[in-house]
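>
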Amino acid sequence: MQNMQNWTTDDAKVVYGLNKNDLHFLNITEEGNLCIELNGKRITIEDLVNRVHHEDGMKKGYTSSFTLRMPQLITYQILKLKRSFQKLIDDLDYEGDFCGIYPVKVNQRKDCVVPVIMSDPNYGIEAGTKAELHLIREVVGEEKHRLIICNGAKDPEYLSTIEEFTRDGYNIGISIESVDEANRVLDIFEPNEINLVLRLKPYLTVRGHWSHSAGRDSKFGLSIHDLFDVVDLLKSNGFENSVTTILGHVGSQITAIEDFRKFSRFMTRTFYEIRDMGFGNLDIIDFGGGLPIDYTSSHPPNMMELYATAIIEGIMDEMNNQIGERKAPDIMIESGRGITALSSLVLVEALEVRCVYPSVDDLPQLRKHLEAWISKLTAATSLKEILDIWEEFLSESMPEARSLSELKEQEKLRGAFRSEIRRHIADLGVDSVIANPVVEELWHPEHIVVGNFSVFNSAGDHVLVKQHFPILPVRDLHVMPETTVRLVDITCDSDGEISQFHRKGTGEIWYTQDYRPLTMPVERMGVGIPVGKLGNVKGSHFVIALTGAYQDVIEMDHNLLGDLPDVELLLDKDGKWETRWMAGAQNMEEILEDVGYFGLDIDEDPYMSGDD
Numbered sequence: 029m030q031n032m033q034n035w036t037t038d039d040a041k042v043v044y045g046l047n048k049n050d051l052h053f054l055n056i057t058e059e060g061n062l063c064i065e066l067n068g069k070r071i072t073i074e075d076l077v078n079r080v081h082h083e084d085g086m087k088k089g090y091t092s093s094f095t096l097r098m099p100q101l102i103t104y105q106i107l108k109l110k111r112s113f114q115k116l117i118d119d120l121d122y123e124g125d126f127c128g129i130y131p132v133k134v135n136q137r138k139d140c141v142v143p144v145i146m147s148d149p150n151y152g153i154e155a156g157t158k159a160e161l162h163l164i165r166e167v168v169g170e171e172k173h174r175l176i177i178c179n180g181a182k183d184p185e186y187l188s189t190i191e192e193f194t195r196d197g198y199n200i201g202i203s204i205e206s207v208d209e210a211n212r213v214l215d216i217f218e219p220n221e222i223n224l225v226l227r228l229k230p231y232l233t234v235r236g237h238w239s240h241s242a243g244r245d246s247k248f249g250l251s252i253h254d255l256f257d258v259v260d261l262l263k264s265n266g267f268e269n270s271v272t273t274i275l276g277h278v279g280s281q282i283t284a285i286e287d288f289r290k291f292s293r294f295m296t297r298t299f300y301e302i303r304d305m306g307f308g309n310l311d312i313i314d315f316g317g318g319l320p321i322d323y324t325s326s327h328p329p330n331m332m333e334l335y336a337t338a339i340i341e342g343i344m345d346e347m348n349n350q351i352g353e354r355k356a357p358d359i360m361i362e363s364g365r366g367i368t369a370l371s372s373l374v375l376v377e378a379l380e381v382r383c384v385y386p387s388v389d390d391l392p393q394l395r396k397h398l399e400a401w402i403s404k405l406t407a408a409t410s411l412k413e414i415l416d417i418w419e420e421f422l423s424e425s426m427p428e429a430r431s432l433s434e435l436k437e438q439e440k441l442r443g444a445f446r447s448e449i450r451r452h453i454a455d456l457g458v459d460s461v462i463a464n465p466v467v468e469e470l471w472h473p474e475h476i477v478v479g480n481f482s483v484f485n486s487a488g489d490h491v492l493v494k495q496h497f498p499i500l501p502v503r504d505l506h507v508m509p510e511t512t513v514r515l516v517d518i519t520c521d522s523d524g525e526i527s528q529f530h531r532k533g534t535g536e537i538w539y540t541q542d543y544r545p546l547t548m549p550v551e552r553m554g555v556g557i558p559v560g561k562l563g564n565v566k567g568s569h570f571v572i573a574l575t576g577a578y579q580d581v582i583e584m585d586h587n588l589l590g591d592l593p594d595v596e597l598l599l600d601k602d603g604k605w606e607t608r609w610m611a612g613a614q615n616m617e618e619i620l621e622d623v624g625y626f627g628l629d630i631d632e633d634p635y636m637s638g639d640d
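Just add 28 to the spot in the sequence shown (first one is 1) and you have our numbering.
#1: Helix or strand or just coil, what does DSSP make of ASP538?
#2: Report buried or exposed for TYR198, applying the criterion of at least 16 other Cβ atoms within 10 angstroms of its Cβ.
#3: Return helix, strand or coil for VAL141, following the three-state DSSP convention.
#4: Rounded to a whole number of angstroms, what is the C-alpha to C-alpha distance between TYR539 and LEU470?
#5: Determine the direct distance from the alpha carbon of ASP622 to that of PHE481, and round the result to whole angstroms.
#6: Specify the secondary structure class of ASN154 as computed by DSSP and reduced to three states.
#7: Just checking, does the stretch 458 to 477 make contact with the stretch 555 to 563 on the three C-beta pairs under 8 Å criterion?
#8: Which residue from GLU192, GLU170, GLU185, LEU161 puts its Cα closest to that of ILE177?
#9: From the DSSP secondary-structure annotation, give me the bridge partner or partners of THR72.
#10: Would you kindly work out how many angstroms separate the C-alpha atoms of GLN495 and ASP489, rounded to a whole number?
#11: Ordered along the chain, which non-local residues of its own chain (more than five positions away) have a Cβ less than 8 Å from that of LEU588?
#12: In whole angstroms, give me the CA-to-CA distance for ILE630 and ASN564.
#13: Using the DSSP secondary-structure output, state which residues sit across from THR607 in a beta bridge.
#14: Is the CB-CB distance between LYS142 and GLY364 below 7 Å?
#15: Going by DSSP, which residues form a beta bridge with VAL516?
#16: Does the stretch 273 to 283 come close enough to the stretch 315 to 331 to have 3 or more Cβ pairs within less than 8 Å?
#17: If we count the other Cβ atoms within 10 Å of its Cβ and call it buried at 16 or more, is LEU393 buried or exposed?
#18: Could you check what DSSP says for ASP465 in three-state terms: helix, strand or coil?
#19: So, ASN223 versus GLY201, is the Cβ gap smaller than 7 Å?
#20: State the Cα-Cα distance for the pair LYS41 and ALA408, rounded to the nearest angstrom.
#21: What residue ranges within the stretch 271 to 320 form continuous alpha helix (DSSP H) runs of no fewer than 4 residues, ordered along the chain?
#22: At the level of alpha carbons, what is the spacing between GLU596 and ARG503?
#23: Do GLY612 and SER325 come within 7 Å of each other at the CB atom, strictly closer than that value?
#24: Since ILE557 is in the beta strand (DSSP E), which residue starts that stretch and which ends it?
#25: Based on the DSSP output, what are the partners of ARG227 in its beta bridges?
#26: According to DSSP, simplified to helix, strand and coil, what is VAL502?
#27: Where do the N-terminal and C-terminal ends of the alpha helix (DSSP H) with LEU456 fall, by residue?
#28: Which stretch, first to last residue, makes up the alpha helix (DSSP H) that contains GLY488?
#29: Rounding to the nearest angstrom, what Cα-Cα distance links THR442 and VAL144 in this structure?
#30: Would VAL43 and HIS569 qualify as a contact pair, given that the criterion is a beta-carbon distance under 7 Å?
#31: Taking the beta strand (DSSP E) that ASN55 belongs to, which residues open and close that run?
#32: Is THR409 helix, strand or coil when you go by DSSP?
#33: Taking Cβ positions, are ILE154 and ILE129 nearer each other than 7 Å?
#34: Just to confirm, is the Cβ distance from ASP287 to ARG235 under 7 Å?
#35: For MET360, write down the residues that DSSP places opposite it in a beta bridge.
#36: Grouping DSSP H, G and I as helix and E and B as strand, with all else coil, what is GLY243?
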């Protein structure tokens with residue numbers, strides 16, 4: 029067990045996964061304050077919150093919680109992705125080129141899409157609907173050379189819009205995902221008038237939350253029989269030279285990076301077979317998305333380089349299996365999560381702290397009873413003995429209470445003995461506690477922090493798909509954590525809680541001061557966010573990190589709680605931090621209009637005002 033006397037901020041970085049991987053921009057000061065660090069310049073979250081309060085506290089829609097936007101991290105990710113592929117291309121003497129594509133569905137906000145465009149003069153954009161295509165034209169403007177990939181279901185109106193954009197000089201590729209769609213394309217376009225993308229179902233299995241995006245049952249792409257029908261249709265109508273790209277997508281957030289090599293081999297083999305069918309202008313393999321974000325700070329630090337390696341080496345594996353000299357395909361990647369996830373944080377003010385158990389300060393009348401049970405614990409030498417004593421305690425000392433006063437006394441006793449049980453489990457120092465449901469219940473946090481936010485609006489994927497997001501306290505990180513807490517929102521819904529904590533693998537269990545686990549011998553997800561000093565939590569903030577992908581576009585106004593304010597943080601060329609108030613919280617009038625209630629003059633937002 030880690031000695032709390034030797035606790036350092038380096039230990040805190042291990043526990044919270046800071047200053048590494050996709051949380052590389054978050055660090056801890058010597059005083060134990062969470063800070064943002066870019067280009068060697070730091071600003072603490074507390075300083076940032078105070079600055080926003082001072083400069084924008086009187087503006088319309090100000091609340092104590094807000095979303096922080098950091099567009100420079102979008103640029104950082106784009107350049108990192110390009111460097112990763114270019115390094116492999118150079119090191120392996122690969123003869124194809126690389127092109128990145130941003131799928132706007134991941135985050136269509138203008139303050140997200142514009143930084144993508146500004147980061148690279150040749151970066152492409154992907155649209156999945158008619159509305160997204162119009163958005164892209166607005167952002168791209170006169171930079172008509174940028175490649176625009178049009179995915180999604182396409183009706184005649186969508187295709188006519190594409191035709192109009194093509195006539196205006198935009199560089200567009202249309203994906204074909206069915207025989208019907210191919211016929212609609214042929215009805216509108218002439219041969220050599222448009223670039224066609226054959227979207228295929230990758231007939232393989234990969235590991236990941238969204239791995240069902242691959243394989244024969246995928247929602248997307250041409251089944252193998254449809255592919256042959258589309259090939260015949262295009263050839264019979266003279267569209268062989270219009271096909272420039274094949275596209276496959278194996279799902280989002282594929283953390284088993286080695287699976288991309290298998291996918292790459294499949295796509296490359298398919299690429300050469302289709303070229304041999306008479307499609308001589310086929311030059312590009314679009315590998316879709318899947319580049320993962322390290323939400324747990326537990327994956328290899330060079331995950332993007334490993335991803336590029338898997339893709340390129342997979343291509344070269346298959347090239348070596350081909351007979352004769354073969355053209356190296358150009359590589360296209362449609363990464364969205366990997367580009368934008370880092371670019372926003374949600375800063376949540378802690379409105380209050382609630383305790384599950386009564387205070388044990390006034391236990392003299394129960395002390396004798398408690399000491400009798402503690403003496404039994406002292407004699408226990410195994411986890412089984414300790415848990416048997418706990419079960420015996422619950423059976424003998426926790427009968428059904430006959431009054432509220434009796435229930436209160438029982439809760440005092442239960443809370444106090446629960447603490448002793450945890451201490452004895454920690455003293456055992458055994459790994460057998462892992463995955464024991466009774467032990468997990470004993471470790472469960474006793475304190476609930478009410479945050480001024482809605483999980484449904486700010487981190488909807490946590491509710492929808494159980495996506496893990498790093499949750500970080502902003503102060504007292506220099507001390508051994510006192511305990512763990514649950515973070516709940518102000519909705520009237522029991523799902524309005526985000527309390528998962530990824531316990532890092534450290535070879536042994538590190539504990540809080542009240543003997544709840546901070547880490548595990550081997551990494552494991554648990555419940556309970558460690559906090560340094562419980563008494564300092566109220567009025568401070570928690571950070572929900574890596575929310576820049578999808579969370580803005582799937583947000584829910586549950587309980588009529590709308591958007592939090594948006595604040596942009598930038599580091600200028602002189603190394604000075606700038607904050608810009610972008611928008612206040614949605615007011616109640618706007619939210620009520622969305623559900624059909626008009627004419628209500630309510631200019632206030634629905635979030636808590638907090639204590640002045």
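Ideal placement from N, C-alpha and C gives every residue a C-beta, glycine not left out.
Short version:
#1: Residue numbering aside, residue 538 sits at position 510 when the sequence shown is read from its first letter. Correcting the residue identity first, residue 538 is Trp in this sequence and not Asp. Correct three-state label for TRP538: coil.
#2: For the purposes of this step, residue 198 is taken as residue 170 along the sequence shown, with counting starting at 1. Classification for TYR198: buried.
#3: Within the sequence shown, numbered from 1, the residue matching residue 141 stands at position 113. Reduced to three states, the DSSP call for VAL141 is helix.
#4: Along the sequence shown, one-based indexing puts residue 539 at 511. Along the sequence shown, one-based indexing puts residue 470 at 442. Near 13 Å, if we compare the C-alpha coordinates of LEU470 and TYR539.
#5: Walking along the sequence shown from the start, residue 481 turns up at place 453. Walking along the sequence shown from the start, residue 622 turns up at place 594. Spanning the two alpha carbons is a distance of roughly 20 Å.
#6: Numbered from 1 along the sequence shown, position 126 holds the residue referred to as residue 154. According to the sequence displayed, residue 154 carries Glu and not Asn. Here GLU154 sits in strand by DSSP.
#7: yes
#8: Translated into the one-based positions of the sequence shown, residue 177 becomes position 149. It is LEU161 whose Cα lies nearest to the Cα of ILE177.
#9: The residue you call residue 72 lines up with position 44 of the sequence shown. CYS63, per the DSSP bridge assignment.
#10: In the sequence shown, residue 495 corresponds to position 467, counting from 1. In the sequence shown, residue 489 corresponds to position 461, counting from 1. Those two C-alpha atoms are separated by around 5 Å.
#11: As a working note, residue 588 is residue 560 in the sequence shown. Within the same chain, LEU588 has close Cβ partners MET616, ILE619, LEU620, VAL623, PRO634.
#12: For this step, residue 630 is matched to residue 602 along the sequence shown. For this step, residue 564 is matched to residue 536 along the sequence shown. Using only the alpha carbons, I get a separation of about 34 Å.
#13: Stepping through the sequence shown from its first residue, residue 607 is reached at position 579. Per DSSP, LEU597.
#14: To locate residue 142, count along the sequence shown from 1; it is residue 114. To locate residue 364, count along the sequence shown from 1; it is residue 336. Strictly speaking, residue 142 in this sequence is Val, with Lys absent from that position. For VAL142 and GLY364, no; Cβs fall outside 7 Å.
#15: Numbered from 1 along the sequence shown, position 488 holds the residue referred to as residue 516. Its beta-bridge partners are VAL478, GLU525.
#16: yes
#17: Taking the first residue of the sequence shown as 1, we reach residue 393 at position 365. In the sequence on display, residue 393 carries Gln and not Leu. By the 10 Å Cβ count, GLN393 comes out exposed.
#18: Sequence index remark: in the sequence shown, residue 465 carries index 437 (1-based). The question names Asp, but residue 465 is Pro in the sequence shown. If DSSP states are grouped into helix, strand and coil, PRO465 belongs with the helices.
#19: For the purposes of this step, residue 223 is taken as the residue at position 195 of the sequence shown. For the purposes of this step, residue 201 is taken as the residue at position 173 of the sequence shown. Cβ atoms of ASN223 and GLY201: closer than 7 Å.
#20: Locating residue 41 in the sequence shown gives position 13, where the first residue counts as 1. Locating residue 408 in the sequence shown gives position 380, where the first residue counts as 1. If I take the Cα positions, the gap works out to 35 Å.
#21: 287 to 304
#22: As a working mapping, residue 596 is identified with position 568 in the sequence shown. As a working mapping, residue 503 is identified with position 475 in the sequence shown. Going by the C-alpha atoms only, they are around 22 Å apart.
#23: Here residue 325 refers to the residue found at position 297 when the sequence shown is read from its first residue. Here residue 612 refers to the residue found at position 584 when the sequence shown is read from its first residue. Not closer than 7 Å, so no.
#24: Within the sequence shown, numbered from 1, the residue matching residue 557 stands at position 529. ILE557 -> beta strand (DSSP E) spans 557 to 559.
#25: In the sequence shown, counting from the first residue as 1, residue 227 sits at position 199. DSSP output for ARG227 lists LEU275 as bridge partner(s).
#26: Residue 502 sits at position 474 when you count from the first residue of the sequence shown. Coil.
#27: The residue you call residue 456 lines up with position 428 of the sequence shown. Counting along the chain, the alpha helix (DSSP H) containing LEU456 begins and ends at 432 to 456.
#28: Residue numbering aside, residue 488 sits at position 460 when the sequence shown is read from its first letter. Element bounds for GLY488: 488 to 492.
#29: On the sequence shown, position 414 is the one that residue 442 refers to. On the sequence shown, position 116 is the one that residue 144 refers to. Checking the sequence, you will find Arg at residue 442 rather than Thr. Between ARG442 and VAL144, the C-alpha separation is close to 55 Å.
#30: As a first step, residue 43 is located in the sequence shown; it is residue number 15 there, counting from the start. As a first step, residue 569 is located in the sequence shown; it is residue number 541 there, counting from the start. No, the Cβ-Cβ distance between VAL43 and HIS569 is not below 7 Å.
#31: On the sequence shown, position 27 is the one that residue 55 refers to. Looking at the DSSP string, the run of the beta strand (DSSP E) that includes ASN55 is 54 to 56.
#32: Locating residue 409 in the sequence shown gives position 381, where the first residue counts as 1. Coil, per DSSP.
#33: Residue 154 sits at position 126 when you count from the first residue of the sequence shown. Residue 129 sits at position 101 when you count from the first residue of the sequence shown. Rather than Ile, the amino acid found at residue 154 in this sequence is Glu. For GLU154 and ILE129, yes; Cβs fall inside 7 Å.
#34: Stepping through the sequence shown from its first residue, residue 287 is reached at position 259. Stepping through the sequence shown from its first residue, residue 235 is reached at position 207. Yes. Within cutoff.
#35: As a first step, residue 360 must be located in the sequence shown, where it is residue number 332. BP columns for MET360 point to CYS127, ASP314.
#36: Here residue 243 refers to the residue found at position 215 of the sequence shown. GLY243: coil per DSSP, three-state reduction.
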